[in-house]
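Participant:
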């Protein structure tokens with residue numbers, strides 16, 4: 001992942017220090033203080049924090065990783081500093097900074113019984129006779 005105005009990252013990709021996802025006035029950034037923050041640029045050109053992981057000062061050289069199991073994790077080296085706790089099965093996931101200001105992890109189904117059945121067509125013919 002590179003710093004820039006992209007709005008999507010995929011599982012296995014990282015946001016390193018000062019890299020971000022952006023969509024319109026919204027910026028989701030991995031800050032140098034180890035805090036993952038969602039900002040909106042206001043009319044006065046000031047950034048207002050809408051959400052933060054609350055991990056400022058909890059590590060150094062932190063990065064965000066979207067794991068192959070759908071979990072979004074902030075690491076300091078190999079130590080987990082914060083997690084979205086959204087672990088699911090292995091699949092293709094993407095983290096999207098949406099134009100409405102919501103950051104969302106999209107991916108495959110959480111669970112399936114794998115019991116899909118073929119539909120059988122049944123036809124019943126009823127002889128309608130009037131009984132007196």
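In full-length UniProt numbering, the protein residues as written are 1 to 132. Beta carbons: idealized from backbone N, C-alpha and C, even for Gly.
Taking residue 137 as the reference, which of 74, 68, 44, 102 has the closest Cα?
Facilitator: Missing from the structure shown is residue 137; the chain here goes from 1 to 132 and no further.
Participant: Looking at residue 193: is its Cβ nearer than 8 Å to the Cβ of residue 35?
Facilitator: The structure shown has nothing for residue 193, since the chain only spans 1 to 132.
Participant: Tell me whether residue 149 sits in a helix, a strand or coil according to DSSP, three-state version.
Facilitator: Any question about residue 149 goes unanswered here, given that the chain covers just 1 to 132.
Participant: Report the three-state DSSP secondary structure of residue 8 (helix, strand or coil).
Facilitator: The answer is strand: DSSP assigns residue 8 an E or B state.
Participant: Taking only three categories from DSSP, how would you classify residue 86?
Facilitator: coil
Participant: Any idea which residues DSSP pairs residue 26 with across the strands?
Facilitator: Answer by DSSP bridge pairing, in chain order: 23, 40.
Participant: Cutting at 7 Å between CB atoms, please list the residues of its own chain near residue 87, excluding the five before and the five after it.
Facilitator: 69, 70, 71
Participant: Going by DSSP, which residues form a beta bridge with residue 106?
Facilitator: 94
Participant: Within the continuous beta strand (DSSP E) that includes residue 65, where are the two ends?
Facilitator: 62-66
Participant: Taking all protein chains shown into account, do 16 or more other C-beta atoms lie within 10 angstroms of the C-beta of residue 53, making it buried, or fewer, making it exposed?
Facilitator: buried
Participant: Just to confirm my understanding: we take residue 23, look at its own chain, exclude 5 residues before and 5 after, and list those with CB closer than 7 Å. What are they?
Facilitator: 7, 97, 98, 99
Participant: Is residue 11 buried or exposed, if buried means 16 or more other CB atoms sit within 10 Å of its CB?
Facilitator: buried
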